[in-house]
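Peer 1: Let me give you the structure first, and then I'll get to my questions.
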Amino acid sequence: RFMTDLRTGAAGAVSMKHCTSPEQDVVGFIGCGAIARNMARAAAAVRPIKGIAYAIDGAETFAKEMEAELGMPFTVADSAQALCGKSDVIFTQTPGSKTVLEKSWLNPKGVTIIASGSDQPTKQEIPTDVLAAGKYVADLVKQTSKVGELRSALKAGVMTEKDVHAELGEIVNGDKSGREGNEIIVVDLTGTGAQDAAIGQVAWEKLSSL
85 RFMTDLRTGA AGAVSMKHCT SPEQDVVGFI GCGAIARNMA RAAAAVRPIK
135 GIAYAIDGAE TFAKEMEAEL GMPFTVADSA QALCGKSDVI FTQTPGSKTV
185 LEKSWLNPKG VTIIASGSDQ PTKQEIPTDV LAAGKYVADL VKQTSKVGEL
235 RSALKAGVMT EKDVHAELGE IVNGDKSGRE GNEIIVVDLT GTGAQDAAIG
285 QVAWEKLSSL
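Below, the structure written as structure tokens:
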């Protein structure tokens, strides 16, 4: 589980680097467990941030610990709506049993949502109207269409696979655009086998050098 959480955090850092602008430094975290901690570390590795936390339980502890560890300010929001209204970037990492935000709550200046809570066909964090409203970016379309946020939009009939803006690798490679203005961007992270293999190789090399 530890390696998986690290891998997810690394994908979050790549998403932050390539799908946000340098001015987007107010970063919200909906869900404040182990993955959120790695996402906060990931975001802070890209640029200095001002963190905002919201969770049913644990937001205060998360904010206190991350502020101490990263040396960057973290506050606690009273609600997911309050967090969304202030955030330029939103990381969602919840059990995915219900959607965690609404389109009308989002920052009108443009927001990037990096969602990692949906990894099974029964999960959904992001409403389908949000998915359809801007650029949808998948880590792997053939996977997000089955177990990610894209699955819900396809089922609702508000998107087809042709509506997918890009896979994350295409943006990293420069083949597709990242942020261009004040659009909504949703990055759907379900985790890939290639990422697991890569982090496993790094861990093996580190151990072999001891």
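Basically this note's numbering = 1-based index in the sequence shown + 84.
Idealized CB from N, CA, C, for every residue including glycine.
Pull up the CB-CB distance for residue 256 and residue 98, whole angstroms please, since I reckon it's below 8 Å.
Peer 2: So it is a contact: roughly 6 Å between Cβ atoms.
Peer 1: Per the DSSP calculation, residue 255 is bridged to which residue(s)?
Peer 2: According to DSSP, which records beta bridges pairwise, residue 255 is partnered with nothing at all.
Peer 1: Rounded to whole angstroms, what is the Cα-Cα separation between residue 265 and residue 187?
Peer 2: Going from the Cα of residue 265 to the Cα of residue 187 covers about 17 Å.
Peer 1: Spell out a yes or no on whether the stretch 242-260 and the stretch 165-183 are touching, meaning 3 or more CB-CB pairs, one atom from each, closer than 8 Å.
Peer 2: no
Peer 1: Note down, in chain order, each residue of its chain lying with its Cβ closer than 6 Å to the Cβ of residue 227, except the 5 sequence neighbours on either side.
Peer 2: Here the set comprises 274.
Peer 1: Helix, strand or coil for residue 247, going by three-state DSSP, please let me know.
Peer 2: If DSSP states are grouped into helix, strand and coil, residue 247 belongs with the helices.
Peer 1: I'd like to check one pair, residue 139 with residue 156: are the Cβ atoms closer than 7 Å?
Peer 2: no
Peer 1: My guess is that residue 114 and residue 176 are in contact by the Cβ rule of under 8 Å, so how many angstroms apart are they, rounded?
Peer 2: 5 Å
Peer 1: Count the other CB atoms within 10 Å of the CB of residue 211; is the residue buried (16 or more) or exposed (fewer)?
Peer 2: buried
Peer 1: Excluding five sequence neighbours on each side, which residues of the same chain lie with their C-beta closer than 6 Å to the C-beta of residue 147?
Peer 2: 137, 158, 160
Peer 1: In whole angstroms, give me the CA-to-CA distance for residue 185 and residue 150.
Peer 2: Each residue's Cα considered, the two are about 23 Å apart.
Peer 1: Along the chain, which unbroken stretches of the alpha helix (DSSP H) at least 4 residues long are found entirely within the stretch 117-202?
Peer 2: 118-130, 143-154, 164-170
Peer 1: Taking the alpha carbon of residue 112 as the reference point, which residue from 103, 102, 123 has its own alpha carbon closest?
Peer 2: 123
Peer 1: So, is residue 207 buried or exposed, given that buried needs 16 or more other C-beta atoms within 10 angstroms?
Peer 2: With a threshold of 16 other beta carbon atoms within 10 Å, residue 207 meets it and is buried.
Peer 1: Tell me, which residues are paired with residue 222 by DSSP?
Peer 2: 251, 272
Peer 1: Can you tell me whether residue 258 is buried or exposed, with buried defined as 16 or more other CB within 10 angstroms of its CB?
Peer 2: exposed
Peer 1: Could you say which of 194, 260, 272, 263 lies nearest to residue 230 if we only look at CA atoms?
Peer 2: Looking at the Cα atoms, 272 is the closest of the given residues.
Peer 1: Just verifying my parser: in three-state terms, what is the DSSP assignment at residue 214?
Peer 2: helix
Peer 1: Given residue 142, which residues of its chain have a CB within under 6 Å of its CB, disregarding the five upstream and five downstream residues?
Peer 2: 116
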